[in-house]
Amino acid sequence: MDNHADLSTGEWSTPRSAAAALVVGGALLVVLGVVAASDPAGTVLMCLAGILLLGFGAYAWTIRPRLSVSSGPILHIRTLSGTRHCAPAQIEQIKVLDIRRIGRRSGQLEIDVIPDDGPPHDPDDPALRLDTKLYVFGRWDLGATPSEVAEQLRRAGFDVDDAR
């Protein structure tokens, strides 16, 4: 699988080969569910699994790049609802975490973004923000390790907290 992300371009997303594998696997499950399953429950389960794989593959194929940085610096975060463009002043925090799950370590890149229209602070504690939106990216989303992406964001001019 191609997990290479060109750090010089400042764009990160799920590798196209992985998205294509999900689409092919989903289509195969749907076809085999209709053709080869001998019982109705098996047909339904295989077709449902195939449709879910097709949806996940289509999502990984179309929502590209998931994260990018351009001159300014401006951070672009792409989701199903659109692309969010954030200057450094709109970023509350960028953090790299090292999380242990099911006996293995995985990294995550967390980005807290301040909305344009929300009240900025808690009246009781002015240092506490109430309105940040959290975006979480893993290696699958970025096509590179979160620490590599964080280093590139740091070089672009964003303040990154490496909590590993």
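Counting in the UniProt record's numbering, the sequence shown runs without a single skipped number right up to 164 at its last residue.
C-beta atoms are modelled at their ideal positions from N, C-alpha and C, and glycine is treated no differently.
Buried or exposed (CB count within 10 angstroms, at least 16 for buried), residue i
i: K133; result: exposed
i: I99; result: exposed
i: G161; result: Here the sequence assigns Asp to residue 161, which means Gly is not the residue at that position. D161 should be labelled exposed.
i: T14; result: buried
i: P40; result: exposed
i: V149; result: buried
i: V31; result: exposed
i: G55; result: exposed
i: L22; result: buried
i: G57; result: buried
i: R101; result: exposed
i: R139; result: buried
Nearest candidate by alpha-carbon position, reference residue i, set the options
i: R16; options: Y59, H85, V160 and R78; result: Y59
i: Y19; options: I63, E148 and E151; result: One detail in the question is off: residue 19 reads as Ala in this sequence, not Tyr. Measuring from the Cα of A19, the nearest candidate turns out to be I63.
i: F158; options: I91, W140, G55 and V23; result: I91
i: L109; options: V31, T145, T83 and T79; result: T145
i: V136; options: A156, T79, D116 and A27; result: T79
i: A87; options: D116, R104 and D131; result: D116
i: A156; options: A37, S70 and W61; result: S70
Nearest-angstrom Cβ-Cβ length linking residue i and residue j, presumed shorter than 8 Å
i: I114; j: I94; result: Actually they do not touch by this definition, with Cβ atoms about 12 Å apart.
i: R66; j: L153; result: Actually they are not in contact, since the Cβ atoms of R66 and L153 sit about 13 Å apart, beyond 8 Å.
i: E151; j: S68; result: No, E151 and S68 are not in contact; Cβ-Cβ is about 15 Å, not under 8 Å.
i: G50; j: L29; result: 3 Å
i: L53; j: G25; result: 5 Å
i: G107; j: L97; result: 7 Å
Interface flag, residue i vs chain B, CB-CB below 9 Å
i: A156; result: The structure shown contains no chain B; it is built from a single protein chain.
Within 8 Å, do at least three Cβ pairs link the region 44-53 to the region 63-78?
No, the region 63-78 does not touch the region 44-53.
Contained alpha helix (DSSP H) runs [length at least 4] in the region 25-87, N- to C-terminal order
40-62
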